[in-house]
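In the UniProt record's numbering, the protein residues as written are 1 to 163.
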């Protein structure tokens, strides 16, 4: 074991000159380790800081999204309520009753007159008392004129066919 150096114990206060060199070397090594650890910690610190800022921004985004979704839901419900109230207010007003009554009477009045006109046109031989039906006089005159025009066309067509 001539070439093997024995393991040295950490320097102590009672050391000689060799031990002083060893202590200086140990001190430099420990300073190097501390500085290396400090650099590693700084690197981890920057990494953790970046991660925490990303997490915070994601959290802010999710909070903002949740807040905006709640606001949209609130505004949608307010809009539906406003529409419902506007419809109820219009229905309860006299204007609605006038508009509804006028359009109903006009449509069904014209529709029934049109129906009677079609009925007489399809079935001219029906035994119906036209005087008792309250048919529009203008429509009756138009129908009579149309029938007279059809009869004249039929008689002209028949006359030209026979030599």
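C-beta atoms are modelled at their ideal positions from N, C-alpha and C, and glycine is treated no differently.
Keep in mind it's a predicted model, so treat the numbers as computed, not measured.
One alpha carbon belongs to residue 56, the other to residue 80, and they sit about 36 Å apart. Residue 124 and residue 141 have their alpha carbons spaced roughly 15 Å apart.
A residue is called buried when at least 16 other Cβ atoms come within 10 angstroms of its Cβ; residue 96 does not meet this threshold and is exposed.
Burial of residue 120 is indicated by the presence of at least 16 other C-beta atoms within 10 angstroms of its C-beta. Per DSSP, reduced to three states, the secondary structure at residue 125 is coil, with no helix or strand assignment. DSSP, reduced to helix, strand and coil, places residue 57 within a helical segment of the structure shown. The beta carbon of residue 90 sits closer than 7 Å to those of 96, all from its chain and outside the five residues before and after it, given in chain order.
For residue 69 and residue 62, the gap between their C-alpha atoms comes out near 10 Å. In the displayed model, residue 93 falls within coil according to three-state DSSP, outside both helix and strand.
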